[in-house]
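Take a look at the structure below.
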Amino acid sequence: MPGAEEIARDAAAKSGKPVLVKFTANWCGTCQYIEGTVFRDPQVWEAIKSHQVTPVKVDLTDENAPGKDLLLKLNPAGGIPLTAIFFPGRSEPVVLASVY
């Protein structure tokens, strides 16, 4: 079964559009702040739509959540919040870590 990275990379390649993977958890106060401000801002969603970005939320509230493998690859310390943007034709995603 493919991991989260393969799924995101394949989705970007097949669609020809970026895939935004947002890592979050209910126990992460900073994640909840970003969730309530950045990802609730209508301008952010308009930009996501206008650039035809596919958003994917990886909820790491559960210790064994799917997608944790990708988080640890992108950030070996496992810190969140973290957002990775996979672009078609690029081998590595753009990573936004910590508060942004």
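Heads up: the sequence shown at position 25 corresponds to 37 in the working numbering, and the numbers run straight through without jumps.
Don't be surprised by glycine CBs; every beta carbon is placed ideally from N, CA and C.
Buried or exposed: which applies to residue i, given that a residue is buried once 16 or more other Cβ atoms fall within 10 Å of its Cβ?
{"i": "Gly28", "result": "exposed"}
{"i": "Val107", "result": "exposed"}
{"i": "Ala59", "result": "exposed"}
{"i": "Thr95", "result": "buried"}
The beta strand (DSSP E) that contains residue i, what's its start and end?
{"i": "Lys29", "result": "Neither: Lys29 is in no beta strand (DSSP E) and is coded neither H nor E."}
{"i": "Ala109", "result": "106 to 109"}
Give me the residue from the options with the minimum Cα distance to residue i.
{"i": "Asp22", "options": "Ala77, Gly101, Val107, Val106", "result": "Gly101"}
{"i": "Ala20", "options": "Ile92, Asp81, Tyr45, Ala89", "result": "Asp81"}
{"i": "Thr36", "options": "Pro30, His63, Trp57, Ala77", "result": "Ala77"}
So the alpha helix (DSSP H) residue i belongs to, where does it begin and stop?
{"i": "Cys43", "result": "41 to 49"}
3 or more residues per run - each beta strand (DSSP E) lying fully within the segment 57 to 100: 66 to 71, 94 to 98
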